[in-house]
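Just below is one structure, and these are the notes that go with it.
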């Protein structure tokens, strides 16, 4: 949230050193994201925790500053409200339990003018565009108090309003000219069958404030936050109001916001307000009592804080002290602190204002416990270390697949596996979960190619999801992509994967050609001990491999350290001709198994159908003679000929 310091200064005294302010806000849980200068004024951008609904306002941050420095809050000036059973000429029917509180009031003879500089400048510093004085004032009060509100053109909306769930097929055209097709789960304000707004998110275009508006109906409300959050993300309505309504807002903030708005309208002569309001508040929220033990504070927090200091911290945080004894303190929690519900929450409040940096470090009084890190966690750490060691760079992507990549989102080995879609996706484009790591890794690789990267080696460790035979399935995978502008061959890619397995301490797997369901060419399966552990292929000019992590879990071999051989090896190259389709990898593995005195076999290369192998003969107990080497060589030629049909090149 952006916090213009000149605006914040109107509510609480700030220290002269801005760095001291941002450092201390960070230490109490409101991390500084960045600090910017706009027209000579400082704006700090704070990363707020989702459970601190009260802090999404200038007033909320001012309370935190007051608690840190022991200052007092300057109260906002407001008008008094007069509650009535019904406003003259207009009624509001609420036919859903999703509304916690709603207040409406009329403002007549409004003056629609460009906002004065003090108002437009504050909104611009916050990051919002100025529209007119009334619309800007609703945004101003929302940012100041944390309670969203909305103004309707009273002469356009009719006499009978209703808050209800939308009907199937209903639509709304927003002030941004977007047409939304509503669902039966969306909460809306309506006049009959005409939708005026999506509750807590956005208003309709044709009933909003314009230059011709003469009278307005002002509303502020709190709703079931889960319902609002679903609507916001269902229709991609990421507005400032929606951001706040998806939090646990205090219904008692509604009246305070209305009071503040009416005061400012009267102060600047922008309309006639009589203070009459219709207040729908079926279940009133009152303060609640919590008691915690000072010994518990010491045990949980690891530090003994003097009782007088604890009492001051609680008072500075606006907790009312009900009573206290030698060992315990009872407080009354203000309703806007919707995050403080149990004793431990109070302890956290004391500790964060006292300062986590003031908690002393302690040596464990008992022996260090055994490592209980799950094997799969250690495996993923080793995977990442091995992949980077052989030249790959880690990619971290979302578990969702964009619609334009859906053709790649197919499980390669389970034809009847279904794609899992979220009912309430974080955004319309992120609806389907990935059934393979291919779509996102391919998209990143393709993007790098467009940006003229010539050597691309990416990997990602993550989960894939699908619905298979009526059950939801999660599988852990590691995926690789490879592209090289000059040497873009499968042999180069495979050599890196082989090195990756060697680094892991797992025997090199077998690559078996096989047709897969994915839109990739030259596809193959990867086998280890005749068990399929993955698959791969090529999509356009990018190579891809995906390996199942559970199938290689625990297969790592411990490295055996051997002393450098005392006796030197004898080395020679042998060139052999083989029938077509002979697997050279199997030849290499077979040669080294023929005799115990063959210490190493390396495939050198191929020329006109002839394959050269670099062979080392070595005995740890003595130096081999030429005749002994000749016997081993003859054995190699004989058994290679019998098994593979290989012949020594003339």
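Numbering (the working numbering), first residue to last: -5 to 644.
By construction, the Cβ of each residue, glycine as well, lies at the ideal position given by its N, Cα and C atoms.
Checklist entry - For residue 484 versus residue 472, is the C-beta spacing smaller than 9 Å? => result No; because the gap between Cβ atoms is not below 9 Å, this pair is not in contact.
Next on the checklist: As a quick exercise: from 595, 200 and 310, pick the residue whose alpha carbon is nearest that of residue 64.
Outcome noted: 310
Checklist entry - Exposed or buried, which one is residue 44 when buried takes at least 16 other CB atoms within 10 Å? => result exposed
Next on the checklist: Does residue 554 pass the burial test, meaning 16 or more other C-beta atoms within 10 Å, or should it be called exposed?
Outcome noted: With fewer than 16 Cβ atoms within 10 Å of its Cβ, residue 554 is classed as exposed.
Item to check | For residue -1 and residue 199, the rounded distance between their alpha carbons | outcome: Distance from the CA atom of residue 199 to the CA atom of residue -1, rounded to whole angstroms, is 34 Å.
Item to check | Local Cβ density within 10 Å of residue 479, reported as buried at 16 or more and exposed below that | outcome: exposed
Checklist entry - Excluding the five sequence neighbours on either side, which residues of its own chain have a C-beta within less than 6 Å of the C-beta of residue 213, listed in chain order? => result Cβ-Cβ distances below 6 Å link residue 213 to 98 and 144 in the same chain, with the five nearest sequence neighbours on each side left out; the list follows chain order.
Item to check | Terminal residues of the alpha helix (DSSP H) in which residue 239 lies | outcome: Following the DSSP letters along the chain, one finds residue 239 inside the alpha helix (DSSP H) bounded by residues 234 to 239.
Item to check | Exposure label - residue 598; buried when at least 16 CB within 10 Å | outcome: exposed
Item to check | Inside the stretch 399 to 481 only - alpha helix (DSSP H) runs reaching at least 4 residues | outcome: 432 to 444
Next on the checklist: Less than 9 Å between the C-beta atoms of residue 403 and residue 429, yes or no?
Outcome noted: A distance below 9 Å separates the beta carbons of residue 403 and residue 429.
Checklist entry - Can you give the Cα-Cα distance for residue 221 and residue 336, rounded to whole angstroms? => result 25 Å
Checklist entry - Exposed or buried, what is residue 601 when buried is set at 16 or more other beta-carbons lying within 10 Å of its beta-carbon? => result Exposed, because fewer than 16 other Cβ atoms sit within 10 Å of the Cβ of residue 601.
Checklist entry - How far does the beta strand (DSSP E) with residue 143 in it reach, from first residue to last? => result 143 to 147
Checklist entry - Does the beta-carbon of residue 27 have 16 or more other beta-carbons within 10 angstroms, so that it is buried, or is it exposed? => result exposed
Checklist entry - Who are the near neighbours of residue 201 in its chain, counting only those whose CB is closer than 6 Å to its CB and skipping five residues on each side? => result 146, 147, 150, 151 and 190
Checklist entry - Around the C-beta of residue 498, are 16 or more other C-beta atoms found within 10 angstroms, so that it is buried, or is it exposed? => result When all chains shown are included, residue 498 counts as buried.
Checklist entry - Just checking my contact of residue 102 with residue 254 at CB under 8 Å: how many whole Å lie between their CB atoms? => result Not quite, the Cβ-Cβ distance comes to about 19 Å (not below 8 Å), so this is no contact.
Checklist entry - Is the number of C-beta pairs between the stretch 519 to 527 and the stretch 342 to 351 that are closer than 8 Å three or more? => result no
Next on the checklist: Which of the three DSSP states is assigned to residue 389 in this structure?
Outcome noted: Residue 389 falls in the coil class under three-state DSSP.
Checklist entry - Which parts of the stretch 587 to 641 are runs of the alpha helix (DSSP H), unbroken and 4 residues or longer, counting only runs that do not cross its ends? => result Qualifying alpha helix (DSSP H) stretches, in chain order: 620 to 638.
Item to check | Distance, residue 569 Cα to residue 585 Cα | outcome: 13 Å
Next on the checklist: I'd like to know whether the C-beta atoms of residue 96 and residue 273 end up nearer to each other than 9 Å.
Outcome noted: Closer than 9 Å, so yes.
Item to check | CA-to-CA distance, residue 301 to residue 251, given in whole angstroms | outcome: 36 Å
Checklist entry - From what residue to what residue does the alpha helix (DSSP H) around residue 219 run? => result Residue 219 -> alpha helix (DSSP H) spans 219 to 228.
Next on the checklist: At the level of alpha carbons, what is the spacing between residue 167 and residue 227?
Outcome noted: 17 Å
Item to check | Which listed residue (556, 575, 571 and 578) has its alpha carbon closest to that of residue 593 | outcome: 556
Item to check | Alpha-carbon to alpha-carbon, residue 360 and residue 578 | outcome: 58 Å
Checklist entry - Which residues in the same chain as residue 531 place their Cβ atom closer than 8 Å to its Cβ, once the five residues preceding and following it in sequence are excluded? => result Here the set comprises 510, 512, 514, 515, 516, 517, 518, 537 and 538.
Item to check | Presumed contact (8 Å Cβ cut-off) between residue 339 and residue 47, rounded CB distance | outcome: That pair is no contact at about 14 Å.
Checklist entry - For the 8 Å Cβ check, are there 3 or more pairs between the stretch 260 to 268 and the stretch 81 to 89? => result no
Next on the checklist: Please report the distance separating the alpha-carbon of residue 492 from that of residue 618.
Outcome noted: Cα atoms of residue 492 and residue 618: separation of roughly 31 Å, rounded to the nearest angstrom.
Checklist entry - Relative to the C-alpha of residue 575, which residue among 587, 437, 604 and 591 is closest? => result 604
Checklist entry - Considering only C-alpha positions, which residue in the set 431, 282 and 596 is nearest to residue 541? => result When C-alpha distances from residue 541 are compared across 431, 282 and 596, the shortest belongs to 431.
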